[in-house]
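Visitor: For the protein sequence lines, the chains are G and W, in the order given.
Numbering (my numbering) for the first sequence: 1 to 347.
Numbering (my numbering) for the second sequence: 1 to 722.
Glycine included, C-beta positions come from ideal geometry on N, C-alpha and C.
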Amino acid sequence: MTAAVPVLEGRNLTKYFWVKQGSGLFARKAPVHAVDNVSVSLEARKVTAFVGESGAGKTTVARILAEIIKPDKGTVLLDGKPVPPGRPRSYARQVQMVFQDPFASLNPVHRVRHNLERPLQIHHLAGRRSDAVVDALLARVALKPPAQFADRFPHELSGGQRQRVAIARALAVRPRVLIADEPVSMLDVSIRLGVLNLIADLRTEENLAVLYITHDIASARYLADTIVVMYAGQLVEVAPSTELTDSPAHPYTQLLLSAAPDPDRTQPPHLKDRGAPASLLAPPSGCRFHPRCPHAMDVCKRKAPPNITVGADHIAACWLHVDPAERQASENGTPATDQVVSDSQKR
Amino acid sequence: MTIDSTTITQTTAPLRRARVLRLPRSPKVIAGLVILGVFTVVALIGRFFEPYSPNQTDTQNWVQHVLVPGTGEGTGFPANYYPLPLPPSAAHLLGTTVFAQDVWSQLLASTQATMFVGLIAAVIATVLSIIFGVTAGYIGGTTDEGLSLIANVSLAIPGLPLLIVLADYVPSAGSSLIIVAAIIAVTTWAYTARTLRAQTLSLRNRDFIEASRVSGEGRLRIIGVEILPNLIPIVAASFLFTTLSGIYAYVAISFLGLAGSPTGSPAGLWNWGEMLREGFANNAVRGGWWWWWAPPGICVALLGTGLALVNFGIDEFINPRLRTSGLSAKAARKAGAHVSTTLGLTPVTRKAADGAASTTASTPDAVLEIRGLSVDYGFGDEAVHAVSDCNLVLRRGRVLGLAGESGSGKTTLALAAIRLLRAPAVITKGQVLFHSKPFTGDGPRATIDLVAAGPHQMREVRWSEIAVVLQSSLNALNPVITIGAQFEDMLRVHRPQLDRDERHARAVELVEMVGMNGDRLRSYPHELSGGMRQRSMIAMALALEPQVMILDEPTTALDVVTQREILEELMGLRDRLGFAALFITHDLSLLVELADDIAVMYGGRLMERAPANALFRSPRLPYTHGLLHCFPPMHGKRVPMEGIPGSPPDLRDLPSGCAFHPRCKWALDRCKQEVPVLAPIPGPNREVACWLHRDGASVPPELSLPDPAETIRDRLTQVNLQ
């Protein structure tokens, strides 16, 4: 990665949610390990994608970075400086977010104009020219002619148009970071690419650092420069997007890829009995993926894997990529077959 | 890279008004508003038209003097008279009281006081409840706990006794509208506060609130500008309700004599309760002086009715389902459509049901044939044509994929075919032939037209021969009994010949078939993950060995890995059990791997049908071509992709001609006027509805790629064998 200071950085973010277990007198609170020790950095003009199943903690990381919720541990840094607590307005000016459901993220009682003007008013950006700015914003997200859209209510717009309005609202304050939480998953297939292309264009034209959260690894490959794979609240693999999909190093990434629809597949996938995602209330010991992993070794059950650099800018948290001798040194487990290691190294 | 601009379909359409302002205009609401209007006018200006002061008495002229029997001349006692009130006359519109007062004047004064007390009580209560409810709901935490505690305590104290105590302890209460109203408000605000708190709690975590928080909006503005307008219908409904209960409370305490007498000191106010009290205390009922006690009683009842009627309107606004129920039958009559409706079955217009046509199978292995099926939502001019003239053949043991975007009519088509849609959906045309040949059991062995079938026949076919798994099915399990008990119930009804152990064995067999452990039968639905619940639904659908499975986005709500596992299991079961499947999804890339044949829907019509691999390798329809290029590939170099410009059409306002023409880069002039119909084209079993393939039009090279030699399944099996 380049040596430039990332625009937005999360270091060792950890977030537990507390849920009540049992009932009556015996009720006790147990932590849900939503996000465990996740570090992420977003650079200008780059799209970073977070990929994983539901419950992997993708959205929680996004909400921590948007300062909607506070992490239990870890820090968020903007331009290398820790963000003061209490969601200051100056932070809102720099970091904006687009939500998954365009039908829920626009207030049904307000016109499009209100949605775009408020951020300008809050940050004292528009003054009396706000009409012109609103028109320019609508044109920016390809809602043309802008005059036709500004005075509509959200329910008068289609899903794609709503999501464009939501993106325009996020852009209104000219932020430097855009966090997009599943921005296209609620949209019709035929209009998804339009919204993804819009985000891609904005990244270059507005110098945005984009965090793109998705469960669709193919769209992450299409849009993102870097893909981060999360499993059960932890990072399992980080790599440049094509490298990640072409030669995944972590067994979970491999599982995700084989599950994704792929009409060009030459071989039917075999995924039977791979179990369900790990419980976040009682996460498995060691590597959280080990109960579902076909290559699980003894060490995987006992000790969390270190982050291993397996290629240029390519990191995987998996014991398979640790030298067997080293693995033994760090833990006196008996390693299973090394077949897979050489397999993935071959690729 | 360029950005396609989304076009507006109706550029000239006038802006619709905000939903907040649109109350349903039913006769009920209008009657309510008229009643409220009359009372408001009377309350506002009635006092200017009082013929007399309500306290004025004229004991000489305004009562009838009746000699007490046994007094007067010839009895030795001095003449003694008792007063009798006068019945209504021109001078006294509503007669007089026994105290020689004018009832009409009292009623006018009472209406004002009663309405104003009710209104002010409601205003105070609503303001209190908004402050408490919304603040508690939005801020949460200890603030919420504290405020909720206060609200709950006020709720726990019985209202009327508190009111009586308060009214009794504030001696000047009766003489002041504000004090009486405040006392009443204190006893009624907590109900609304609780409702508003609950609503705010659910709004607080909605995305649009979070979005304005992210944009740096302050707390007060979020509450006032973002949350409160969304609560207006609820606030309005509870405002009316509080007005009504305020009026009732005021009438009640006055009737009990706690609001001070208008002639006492300090003087109370004339109100309906006071009028009733005086009347009842002075034998108005026994004396038959109805003009004295009936008017205030009728006023209380009428105003209550008016407020309740307007509240109905607000309820319907909050909950639109109330509005549509019962509406469809009326709409059908209005449109002159004869509809046969049976509870639990999609209604069918008489015309469609009568259309007796051939019932012979078009191919020998057809199991479900949809012929010329059209489905509307609503009737007459307001009808939305959700499905138009669709023909589809599902063959035994095959998977037919039905692909389309939201609003393309794919789900409507499938659910209408087995008559699962409720009114206002109505089948206007067509046949759905089910050629039944059950594998086991005692299902019918014949051809049934499901459009013409009665409830009995439908019951025989549904579930046991044609089973359905919906996207939301995983929420259809009964949450209070175990999965095993639900299997047990179903098997007991449909397979009465099995005994208890056999039923259990069958249930275990079924859940193991879909990859679940037999132990899971002991679990309650909430103890299972979404994937497991959908698996149990599939097992349940398979329990009676149906010939057809209709799968409507069965895995869309699930994670990719779970989705893949379930689909794999389903396909394995299909091979083993031999059912035919109609698989509905928006995910064309998934269908290509899964289905034998694929049909593509757009704007309520079937647009292309072909074997899966042929459709994927060499689409003939511009829409299919575009759709296939909406899925970024998993391999190769990354190239910018375009998607399809514009957005899917609104069924209420379909473009003329081919519904796809505004988004089609190859559209001909003809496409704008004439609707293309599905017709065969050269190639293995292919049909397309596109003018580009008719009458020697030149087909663009993208749409004339050669047909692939093999099917997807051939390819996959070959790889497997190697």
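1) Have a look at N613/W and A66/G and give me their C-alpha separation to the nearest angstrom.
2) Which stretch, first to last residue, makes up the alpha helix (DSSP H) that contains Q486/W?
3) For the alpha helix (DSSP H) holding L673/W, just list the boundary residues, first then last.
4) Using a Cβ cut-off of 8 Å, which residues of the segment 566-595 of chain W contact any Cβ in chain G, in chain order?
5) How about the segment 468-475 of chain W and the segment 553-560 of chain W: do they share at least three Cβ pairs that are nearer than 8 Å?
6) For a cutoff of 9 Å on Cβ pairs, would you count V5/G as touching chain W?
7) Please go through the same chain and pick out, in chain order, the residues whose beta-carbon is closer than 7 Å to the beta-carbon of T204/G, but skip the five residues on each side of it.
8) In three-state terms, what does DSSP make of W666/W?
9) If we require 4 or more residues per run, which alpha helix (DSSP H) segments fall completely within the segment 595-647 of chain W?
10) Should D101/G and M186/G be called a contact, given that it needs their Cβ atoms to be closer than 9 Å?
11) Are the CB atoms of C348/G and V236/G nearer to each other than 9 Å?
12) If we cut at 9 Å on Cβ distances, does N99/G have a partner in chain W?
13) Under the three-state reduction of DSSP, which class applies to N12/G: helix, strand or coil?
14) Excluding the five sequence neighbours on either side, which residues of its own chain have a C-beta within less than 8 Å of the C-beta of G159/W, listed in chain order?
15) Just curious, the beta strand (DSSP E) that F50/G is in, first and last residue?
16) Determine, for H435/W, whether the minimum Cβ-Cβ distance to residues of chain G falls below 9 Å.
17) Select from the segment 641-675 of chain W all residues with a C-beta closer than 9 Å to any C-beta belonging to chain G, and list them in chain order.
18) Output needed for C664/W: all residues of its chain with C-beta closer than 6 Å, excluding positions within five of it in sequence on either side, in chain order.
19) Reducing DSSP to helix, strand and coil, say where R462/W ends up.
20) What whole-angstrom Cβ distance do A543/W and M490/W have, given they're in contact under 8 Å?
21) In chain W, which residues lie with their C-beta within 7 Å of the C-beta of T59/G?
22) With a cut-off of 8 Å on the beta carbons, I'd call V514/W and E569/W a contact; round off their distance for me.
23) Quick one, which residues of the segment 221-233 of chain G are near chain W if we go by CB-CB under 7 Å, in chain order?
24) Check each candidate in G260/W, V214/W and S148/W and name the one with the smallest Cα separation from R118/G.
25) Who are the near neighbours of A224/G in its chain, counting only those whose CB is closer than 7 Å to its CB and skipping five residues on each side?
26) Can you list the residues of chain W that A104/G reaches, using a CB-CB cut of under 8 Å?
27) Between which two residues does the beta strand (DSSP E) holding T447/W run?
28) Any idea which residues DSSP pairs F17/G with across the strands?
29) For the segment 179-204 of chain G, which residues have a beta carbon sitting closer than 7 Å to at least one beta carbon of chain W?
30) Assuming G604/W and S388/W form a contact by the criterion Cβ under 8 Å, report the distance between their Cβ atoms to the nearest whole angstrom.
31) Please list the segments of the alpha helix (DSSP H) lying wholly inside the segment 108-146 of chain W, counting only runs of 4 or more residues, in order along the chain.
32) Locate the alpha helix (DSSP H) running through Y91/G, then write down its first and last residues.
33) Within 10 angstroms of its Cβ, does L21/W collect 16 or more other Cβ (buried), or is it exposed?
34) Quickly, what does DSSP pair G311/G with across the bridge? List them, please.
35) List, in order along the chain, the chain G residues whose C-beta lies closer than 8 Å to that of A113/W?
36) From F17/G to F239/W, what does the alpha carbon distance come to, in whole angstroms?
Guide: This is what the structure holds:
1) 44 Å
2) I483 to H494
3) Position check: residue 673/W holds Gln in this sequence, whereas Leu was assumed. Where Q673/W is concerned, the enclosing alpha helix (DSSP H) stretches over D669 to Q673.
4) E568, E569, H586, D587, L588, S589, L590, V592 and E593
5) yes
6) no
7) R45
8) coil
9) 612-617 and 622-628
10) yes
11) Residue 348/G lies beyond the range of chain G shown here (1 to 347); nothing can be said about it.
12) Note on residue identity: the sequence assigns Phe, not Asn, to residue 99/G. So yes, F99/G belongs to the interface.
13) strand
14) T187, T188 and A249
15) V47 to V51
16) no
17) M641, E642, G643, I644, P645, G646, S647, P648, D650 and R663
18) P622
19) strand
20) 6 Å
21) The contacting residues do not exist; T59/G stays about 11 Å from chain W at best.
22) 6 Å
23) R221 and Y222
24) V214/W
25) V47, T48, A49, Y212 and S241
26) R206, D207 and F208
27) T447 to D449
28) V32/G
29) D188, V189, S190, I191, R192, L193, G194, N197, L198, A200 and D201
30) 5 Å
31) none
32) R89 to Q94
33) With a pLDDT of only 45 at L21/W, under the threshold of 50, the placement of this residue in the model should not be trusted, and no figure is reported.
34) H314/G
35) In chain order: nothing, as chain G lies at least about 36 Å away.
36) 38 Å
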